[in-house]
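Residues 0 to 219 (numbering that gives the first Met the number 0) are what the sequence shown spells out, left to right. C-beta: ideal position from N, C-alpha, C; glycine also. None of the values given here were measured: they were computed from a predicted structure. See below for the structure under consideration.
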Amino acid sequence: MPLFQRSSTRGTAARAAESTAPPVSSSSRPAPDHRPSWGARLSASVRASFFQSSDDGYFLSRYQVASSTTLQMWLYFNVWYVVVFILLFQMIAAWKAHIWNASLVIQLLTPMAFWSWAVIEVLRLGLGYFGNLAERVPWLLAFWMLTLFPQPVLQLYFLFIQGFAGWFTTPIETCLCLGILVFYIAELVVSYQANKRLVAKAAADFHLQPVHTGDSSGAI
0 MPLFQRSSTR
10 GTAARAAEST
20 APPVSSSSRP
30 APDHRPSWGA
40 RLSASVRASF
50 FQSSDDGYFL
60 SRYQVASSTT
70 LQMWLYFNVW
80 YVVVFILLFQ
90 MIAAWKAHIW
100 NASLVIQLLT
110 PMAFWSWAVI
120 EVLRLGLGYF
130 GNLAERVPWL
140 LAFWMLTLFP
150 QPVLQLYFLF
160 IQGFAGWFTT
170 PIETCLCLGI
180 LVFYIAELVV
190 SYQANKRLVA
200 KAAADFHLQP
210 VHTGDSSGAI
């Protein structure tokens, strides 16, 4: 009996010592550093600027917006760049024709290439601008095809081909053509992603449509 009382007294003292001991704070432990590195943050910002996020292909409602904000920003700045391009290019072409005598081939090919590019560029920007806002897959696909051909080919003519035909390109024209080519490359990538998103929404809209069954009163 005294042995049982001694053991119970020891257990009570141990529990009292555990209850009075200060708790170990979790803040005193060194927290692991889960912050992403600067390289991961840079790649994430590049993907967010040029590509859509990975969950953009899933649509839960037909009222969900599918147009690309990144593409719309590129198109907005492209419109103003084209206005500056047309004005400067025409002024430089008039100055060159006034100072130097161009050959007959250049007098025919360069104006034809320029005005063909200008007309197609207005059509291309309209298709991309309103096709993205209205979420029209055919319009955005036509925009992508015109961005792929013939617009870059005409810019390459201004950069290199007219030099082989006996004409020259000023440094300002080179900078203007390189700038428009940067727009074309970026819009090719971004509009491809936007087209995939629009197609995914069209497929989701098809699956979300209610099924209308026929009148079963006349069925046998």
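Length of the line joining the Cα atoms of residue i and residue j
i: G56; j: M111; result: With a pLDDT of only 48 at G56, under 50, the local geometry of the prediction cannot be trusted, and the value read off the model is given with reservation. Taking the straight line from one Cα to the other gives about 42 Å.
i: S66; j: W99; result: 48 Å
i: V152; j: F113; result: 12 Å
i: A96; j: A141; result: 35 Å
i: L180; j: L107; result: 24 Å
i: T109; j: A93; result: 12 Å
i: W73; j: G178; result: 12 Å
i: L187; j: W37; result: 28 Å
i: L70; j: V83; result: 20 Å
i: I85; j: F148; result: 19 Å
Supposed close pair residue i, residue j - CB separation, criterion 8 Å
i: G165; j: I119; result: Going by Cβ atoms, the distance from G165 to I119 rounds to 26 Å, so no, they are not a contact pair.
i: Y80; j: F182; result: 7 Å
i: C176; j: Q192; result: Rounded, the Cβ-Cβ distance is 25 Å, inconsistent with contact.
i: T146; j: L158; result: The Cβ separation is near 17 Å, so there is no contact.
i: T168; j: Q161; result: 7 Å
Of the residues the options, the one placed nearest residue i, counting alpha carbons only
i: A202; options: I179, Q63, A141; result: Q63
i: L124; options: F157, L177, L139; result: L139
i: L126; options: W116, S115, M144, S36; result: M144
i: F129; options: Q89, I179, S190, K195; result: S190
i: T68; options: N131, L107, V82, F163; result: N131
i: A199; options: W94, V136, I160; result: V136
i: L122; options: W73, Q150, K195; result: Q150
i: F163; options: S102, N194, I85; result: S102
Sequence-distant residues of its chain with Cβ nearer than 6 Å to residue i (five each side left out)
i: E134; result: A65, S66, L197
i: S53; result: Caution is warranted here: a pLDDT of 43 is assigned to S53, below 50, making its placement in the model unreliable, and no coordinate value can be reported.
i: W116; result: L153
i: A185; result: W73
i: N77; result: F182
Contacts around residue i, its chain only, beta-carbon distance under 8 Å, and the 5 residues preceding and following it disregarded
i: I171; result: L87, I91
i: F205; result: none
Distance cut-off 7 Å: residue i Cβ against heavy atoms of the ligand HEM
i: Q63; result: Annotation note on the ligand HEM: not contained in the displayed structure, which lists no ligands.
Proximity test, Cβ basis, 8 Å: residue i and chain B
i: Q150; result: Judged by its chain identifiers, the structure shown contains no chain B, having just a single protein chain.
Same chain only: Cβ atoms within 7 Å of residue i, ignoring 5 sequence neighbours per side
i: Y156; result: A112
i: N194; result: V136, L139, L140, W143
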